[in-house]
Each structure stands twice: as C-alpha cells, then as structure tokens.
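Count along the sequence shown from 1, then add 3; that gives the number in this note's numbering.
All C-beta atoms, glycine included, are put in the ideal place defined by N, C-alpha and C.
Have a look at the structure below, then the notes.
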Amino acid sequence: MKLSVLASASVLVLALVAGAHAEDKTIKIATEGVYPPFNYVENGKLTGFDVDIANALCEKAKLKCEIVTQEWDGMIPGLMASKYDAIIASMNITAERKKKIDFTTKYYDTPAKFMATKDAKVTDISPAALAGKTIGVQGSTTQQNFLEAKYKDSTIKTYTTVDDASADLAAGRLDFVLSDKVLLDAWLKKSSDGSCCELVGDDLRDPIFGEGKGVGIRKDDTELKNKFQKAIDDIRADGTYEKINTKYFPFSIF
C-alpha cells in the first residue's frame, strides 16, 4: 500500500514538473531581418510589422517567445530541422510550401509589383514587352517562381535580398525588379538611391503568389498552429492588428 502511494506521488510530481517545463518553454520564431518595413534591424534591434505581429501573437497566446534571424534560403529547412518553432517572415502560403510545412491562415496579403528606372518610361509590363530584359528578384520567392513561369523570354537574375536587386537597378545593371509592392515602395522612399526609380504597371496577383502571408509551423505541431491561429483571430477582433497596421501603413494590408 505504501509503495503504491509513493508510486502515485512520484507520477504526480513528474507530471507537475513536466507541465512546468512545458509552460516555461521558449517558442523561437524566425524572421529574416532584412526586409523593411516588415522585418529589419534598427539601432541594433529587430523591428517591423512582422516583428510587432509576432510579439502581439505571443502575448495574446500567452507564449514566451524569442525572435531570431534566419537567411531566407534556409528558412523552411531550419524550421523542419527544429532550429526554431515558427516562421513569421512575410512568407506566402503556397501549395508547394504546404507540402513541407503547415501554415495558419494569412495575417496579411499585398500584391507584387515591377519597379524600373524613371527614364525607362515603362507603359507595358507584359511578358512580350519584357522579352530580352533583365529582371532582378530575390531568390527562393514566389516572385521568382512567377517570373520563371510567365516571363520565360526575359533574363532572370536572383539576389540574396530585394535591396541588393534594387541597388543593381539603380546602378543600371538591371532593367526591372519584381517584389512585394509595399516593400519596393518603402525602398523608394527611404533609400538614397530611391529617386532613380518608380513602380510600374498594374498590381500583380496570381495563384503562384499563394494565399497571403501566414505563420509557418511544422506539420506535427498542431497545438502551436492552433494557438497562433486563435491569436491571429483575436488580435483582428480586439483592434490590436489595426493598431500595428496603422503604425506602418496608411492603408489596410490584410
């Protein structure tokens, strides 16, 4: 009888300890850190729309979180290797990516856009009009996939970051850059080279770009996915999302 009681007490202690450890676990969230105004470093500190959203989601879900930086090309492999637990880095939800990882629903969605030099006076951005032109794009992105599928007669040059591509456009080494509209608009306004260029053509929306930007989660981490999903719904409902949106943009990007 005494042994049975002791055994039961031991199980209870172990359960309590395990529960305490679960509550104390730090959830690591990866972002890129070179993608203003969404995620970037300012005065040595990570900031931006994605970072503020990540912090708001963690607060709402009562999660202890740490935001870490990760280069874009290694973002999904790093999640799958458990280097971190989630991705909040303006990652488009696409069918191809969903083969490897899971996503919440979108937390924002903005169109893609071409950028060119002002003196190019671009009026047509069709694949036929851009045949023979060199287009810069960040590698391993939906924009790269879009160009490879639709602009097969153009030369596509990939870059580690969109800023690198934009700098080459300003220097005359490219004819166009394709990226997120809001990102390019921010570069035009803040970069010392921004006066060179302008956004051209219509906003681009295509199934290749996916279903908007979502929180990336490992496929086996359903509990964490559900916590982030509920937190997205909650910050949308209580005004937190709108407050963060207004901090960075004069229009809704949801």
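Sequence-distant residues of its chain with Cβ nearer than 6 Å to Lys31 (five each side left out): Glu69, Val71, Tyr87, Asp88
Pair within 7 Å by beta-carbon distance, Lys63 and Ala234: yes
Buried or exposed by the 16-neighbour rule on C-beta atoms within 10 Å, applied to Asp192: This sequence places Lys at residue 192; Asp is not what is there. Exposed.
Cβ neighbour criterion (16 or more within 10 Å) applied to Ala25: Any reading at Ala25 must be qualified, since the residue scores a pLDDT of 49, below 50, and its modelled position is unreliable; no value is offered.
Val125 (DSSP reduced to helix, strand or coil): coil
Residue from Gln147, Asn95, Tyr154 whose Cα sits closest to the Cα of Pro130: The shortest C-alpha separation from Pro130 is found at Tyr154.
Straight-line Cα distance separating Leu172 from Lys230: 42 Å
7 Å Cβ cutoff met for Leu207 and Ala115: It is a contact, given that the beta carbons lie within the stated cut-off.
Inter-stretch contact at 8 Å, needing at least 3 Cβ pairs: the region 99–109 / the region 120–136: no
Residues of its chain near Phe149, where Cβ-Cβ distance is below 8 Å and the 5 sequence neighbours each way are ignored: Ala115, Leu181, Leu207, Asp209, Ile211, Phe212
Burial state of Gly135 (16 or more Cβ within 10 Å): exposed
Given Thr50 as reference, the closest of Ile91, Gln147, Ile79 once Cα atoms are compared: Ile91
Beta-carbon spacing of Met2, Lys216 below 7 Å: Here the chain comprises residues numbered 4 to 257, so residue 2 is not present and cannot be evaluated.
Element boundaries [beta strand (DSSP E), containing Thr163]: It is not in any beta strand (DSSP E) - Thr163 carries neither H nor E in the DSSP assignment.
Asp3 - DSSP class collapsed to helix/strand/coil: Nothing in the structure corresponds to residue 3, since the chain is present only between 4 and 257.
6 Å CB neighbourhood of Lys67 in its chain, flanking five on each side removed: Thr29
For Tyr244, the first and last residue of its enclosing alpha helix (DSSP H): 243–251
Under the three-state DSSP convention, the category Ser182 falls into: Three-state result, Ser182: strand.
Residues near Thr197 by beta carbon distance below 7 Å, same chain, minus five either side: The sequence shown places Gly at residue 197, rather than the Thr named in the question. Beyond the five residues adjoining it in sequence on each side, Gly197 comes within less than 7 Å, by CB distance, of Trp190, Leu191 in the same chain, given in chain order.
Boundaries of the beta strand (DSSP E) in which Lys48 is found, first to last residue: 48–50
Length-filtered (3 minimum) beta strand (DSSP E) runs lying within the region 37–124: 42–45, 48–50, 67–72, 105–111, 115–120
Pair within 7 Å by beta-carbon distance, Trp75 and Ser169: no
Test item: CB-CB of Ser157 and Leu133 under 7 Å: Yes.
Beta-carbon contacts of Asp259 that lie in its chain and below 6 Å, excluding the five residues immediately before and after: Coverage of the chain is limited to positions 4 through 257, which leaves residue 259 absent and any answer about it impossible.
DSSP bridge partner residues for Thr225 (one or two, in chain order): DSSP output for Thr225 lists no bridge partner at all.
Buried versus exposed, by CB contacts within 10 Å (16 or more), Met83: exposed
Per-residue burial, Ala152 [other beta carbons within 10 Å of its own, 16 or more giving buried]: exposed
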